[in-house]
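When we follow my numbering, the leftmost residue of the sequence shown carries the number 354, and every step to the right adds one. Backbone N, C-alpha and C define an ideal beta-carbon position, used for all residues, glycine too.
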Amino acid sequence: MQVYGLKEQFTPFYRSEIASEFEDEEDRRRTNTCLSLSSLGALLVSLLMIVMGALHAATVVEGKDLSGVLTLNCSVLEYCGCPGEPMIPWYLILGGCLTIVLLVVRVLLARYCGCKAALITIYDILALVLTTLWLIAGTKFVMSLHERKNYATHNPNQ
């Protein structure tokens, strides 16, 4: 076939080899090692969040007593709960569970999904948005602690 005035790569009959995502086997191994270590680190931090939240989580028994202090039902530790904001231990528990679920779904998508690049990228963006929204929700609890002031000691939250 003779093509007039077009370079070969601009013709409809030009085909190139599909490049691999990785240059060689060592590059693939290095990438898998890095992803495995970061996933393991995220899993460990999530488990620590769940454990710390579970140790300090307390249910409110009767609401507030006469002086306005929350009455907590401590089951694991003698002094459980967060006296400033009782939702922080629950925030840690739910945040750890959310991170583990996002990590497991990411691993399952990477292993079993046929259209890897596009679907995993969309999933990563959605997981990033969900994590950011969760951090914004946690900031609400911490900021309410920062604004409090104990006038007897002139220090916040003491």
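Would you call residue i buried or exposed, if buried means 16 or more other Cβ atoms sit within 10 Å of its Cβ?
i	result
Leu486	exposed
Gly449	buried
Cys435	buried
Ile475	exposed
Ala411	buried
His409	buried
With DSSP as the reference, label residue i as helix, strand or coil.
i	result
Pro442	helix
Asp377	coil
Ala411	coil
Cys435	coil
Cys466	coil
Looking only at its own chain, which residues have a Cβ that is under 7 angstroms from the Cβ of residue i, when we skip the five neighbours before and after it?
i	result
Ser497	Glu438
Met456	One detail in the question is off: residue 456 reads as Leu in this sequence, not Met. Counting only Cβ-Cβ distances below 7 angstroms, and skipping sequence neighbours, we find Ser392, Ala395, Leu396.
Phe494	Glu438, Met440, Ile441, Tyr444
Return the chain-ordered list of same chain residues with a C-beta closer than 6 angstroms to the C-beta of residue i, the five sequence neighbours on each side being excluded.
i	result
Gly491	Tyr444
Ile403	Ile446, Gly449
Gly406	Pro442, Leu445, Ile446
Enumerate in chain order the residues of its own chain whose CB-to-CB distance from residue i is below 8 angstroms, with the five nearest sequence positions on each side excluded.
i	result
Ile473	Arg459, Leu462, Ala463, Cys466
Asp477	Arg459
Cys483	In the sequence on display, residue 483 carries Leu and not Cys. Answer for Leu483: Leu451, Leu455, listed in chain order.
- Are there three or more Cβ pairs, one per stretch, closer than 8 angstroms when the segment 394-401 is compared with the segment 439-458? yes
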